[in-house]
Structure formats: C-alpha cells, structure tokens
Amino acid sequence: MKQLTILLALFFVSTAQASNGLIKLKSQYDVETTVERLENTLVEKGMMLLTRINHAQAAKDVSIKLHPTQLLIFGNPAVGSKLMQCSQTSGIDLPLKALITEDEQGQVWFTYNDPSYIATRHQAEGCDKLVENMGKAMAGFARAATQR
C-alpha cells in the first residue's frame, strides 16, 4: 500500500493539468527521443501524422534563441469528425497536438490539450464516450512517449 501511495504521488507530481485545459507530463527522454517515441506510437496505433514543427529551428533561422521545442500535429478523421458533428467549432482545436519542450533546467515536458476541455470549450453535447476515449488515447500516447 505504501508503494502504491508513493507511485501515485510521483505520478501527480510529474503530471499537471491546469485550468487552461493543458496536460503536462515530465519526459524521461530528451526532446528528440520523446518526439520520435511519440511518432512511432502514433504510427503503431494507426494515427495520421500530419506534420512535425521544430519551433527552435525556425527561431534559430531568424536569429532567435529558443529552447528545444517541437510540435506534432496528428489525428484520426474517424474520431475527430465525430467530435465535430457534436460541435463543428471543435475543428479549431483539431487535429490533436503534442508540444514537446525543454525548460531552462533541461527538463523535457510533453504538453497536450485535454480532450474533455476541448469538448467543454465547444459545448460538444452527446460525445461524452468519444471524448473519454480520446482522453485515454492521449494519455496512453503521452505515457508511451515519455516513460521508460
């Protein structure tokens, strides 16, 4: 029981959900490895990987220093389209995104929008099970990318 309590405490310390709908997890890997692990997981799960944006490289190209920051945009039209049937404006937050960053202390973070926050934001009614499944999938993708 004591070990379970410690594990749960560590999980909540390394995972934060802010009131802005972002879920943030610590990664045990560097940015590049975290991104590659996420890409591999998405491909394994049949997700459509739309693009990978290296914000730090883009900043460097215009002589601005930015800590490593990469954004992956991905989705599954069979799922996202159903959410848009519940509320078409949710399309502004789709496809899904994951932001992998390194902070000033060298800690790597995996941040994503909580699907339930997206649904609430867009008043998507009648999609509770879909949104729940999206949340579980995103949490699974995040764990696969960030944990050993």
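The sequence shown maps to residues -18 to -1, 1 to 130 in mature numbering (1 follows the signal peptide of the UniProt record, and there is no 0).
Glycine included, every Cβ here is placed at the ideal spot set by N, Cα and C.
No experiment lies behind these values; they were computed from the predicted model shown.
1) Kindly indicate which residue of K27, E14 and Y11 has the alpha-carbon position closest to the one of G122.
2) Out of V25, E86, D43 and A101, state which residue places its alpha-carbon closest to the alpha-carbon of I74.
3) Would L53 and L81 be called neighbours here (beta carbons separated by less than 8 Å)?
4) From what residue to what residue does the beta strand (DSSP E) around S44 run?
5) I need the DSSP call for Y99, collapsed to helix, strand or coil.
6) Confirm, please, whether the CB-CB distance from V90 to D12 is below 8 Å.
7) Using a threshold of 7 Å, is the CB atom of S72 nearer than that to any non-hydrogen atom of the ligand ATP?
8) Should T128 and K8 be called a contact, given that it needs their Cβ atoms to be closer than 8 Å?
9) Alpha carbon to alpha carbon, what distance is there between P97 and A124?
10) Could you tell me whether the stretch 52 to 72 touches the stretch 18 to 37, where touching means 3 or more Cβ pairs closer than 8 Å?
11) Go ahead and label E106 buried or exposed: buried means 16 or more other beta carbons lie within 10 angstroms of its beta carbon, across all protein chains shown.
12) Once DSSP output is grouped into helix, strand and coil, what is the label at Q52?
13) Quick one: what's got a C-beta closer than 6 Å to I(-13)'s C-beta in the same chain, skipping five residues either side?
14) Tell me whether R130 is buried or exposed, calling it buried when 16 or more other Cβ atoms sit within 10 Å of its Cβ.
15) Which of the three DSSP states is assigned to R125 in this structure?
16) Going by DSSP, which residues form a beta bridge with I35?
On the basis of the supplied data:
1) For the purposes of this step, residue 122 is taken as residue 140 along the sequence shown, with counting starting at 1. Comparing Cα positions, the closest option is K27.
2) Translated into positions along the sequence shown, residue 74 becomes position 92. Ranking V25, E86, D43 and A101 by Cα distance to I74 puts A101 first.
3) As a position in the sequence shown, residue 53 is number 71, starting the count at 1. As a position in the sequence shown, residue 81 is number 99, starting the count at 1. Going by C-beta atoms, L53 is nearer than 8 Å to L81.
4) In the sequence shown, counting from the first residue as 1, residue 44 sits at position 62. A small correction: the amino acid at residue 44 is Val; Ser does not occupy that position in the sequence shown. Run containing V44: none; DSSP gives neither H nor E here.
5) Within the sequence shown, the letter at position 117 stands for residue 99. In the structure shown, Y99 adopts helical secondary structure according to DSSP, grouped into three states.
6) The residue labelled residue 12 in the question sits at position 30 within the sequence shown. The residue labelled residue 90 in the question sits at position 108 within the sequence shown. The answer is yes: Cβ separation under 8 Å.
7) With respect to the ligand ATP, the structure offers nothing, as it holds no ligand at all.
8) Within the sequence shown, numbered from 1, the residue matching residue 128 stands at position 146. Within the sequence shown, numbered from 1, the residue matching residue 8 stands at position 26. A contact, by the Cβ cut-off of 8 Å.
9) Along the sequence shown, one-based indexing puts residue 124 at 142. Along the sequence shown, one-based indexing puts residue 97 at 115. Straight-line Cα distance between these residues: approximately 13 Å.
10) Counting C-beta pairs with one atom in each stretch, the stretch 52 to 72 and the stretch 18 to 37 have three or more that are closer than 8 Å, which means they touch.
11) Taking the first residue of the sequence shown as 1, we reach residue 106 at position 124. According to the sequence displayed, residue 106 carries Ala and not Glu. A106 should be labelled buried.
12) On the sequence shown, residue 52 is found 70 positions in, with the first residue counted as 1. Here DSSP, grouped into helix, strand and coil, assigns Q52 to strand.
13) Taking the first residue of the sequence shown as position 1, residue -13 is located at position 6. Residue confidence for I(-13) is low, a pLDDT of 44 falling below 50, so the modelled location carries little weight; the figure read from the coordinates is stated next. Answer for I(-13): no residue qualifies.
14) Here the question's residue 130 lines up with position 148 in the sequence shown. Per the 10 Å Cβ criterion, exposed.
15) Here residue 125 refers to the residue found at position 143 when the sequence shown is read from its first residue. Helix at R125.
16) Looking up residue 35 in the sequence shown gives position 53. According to DSSP, which records beta bridges pairwise, I35 is partnered with L53.
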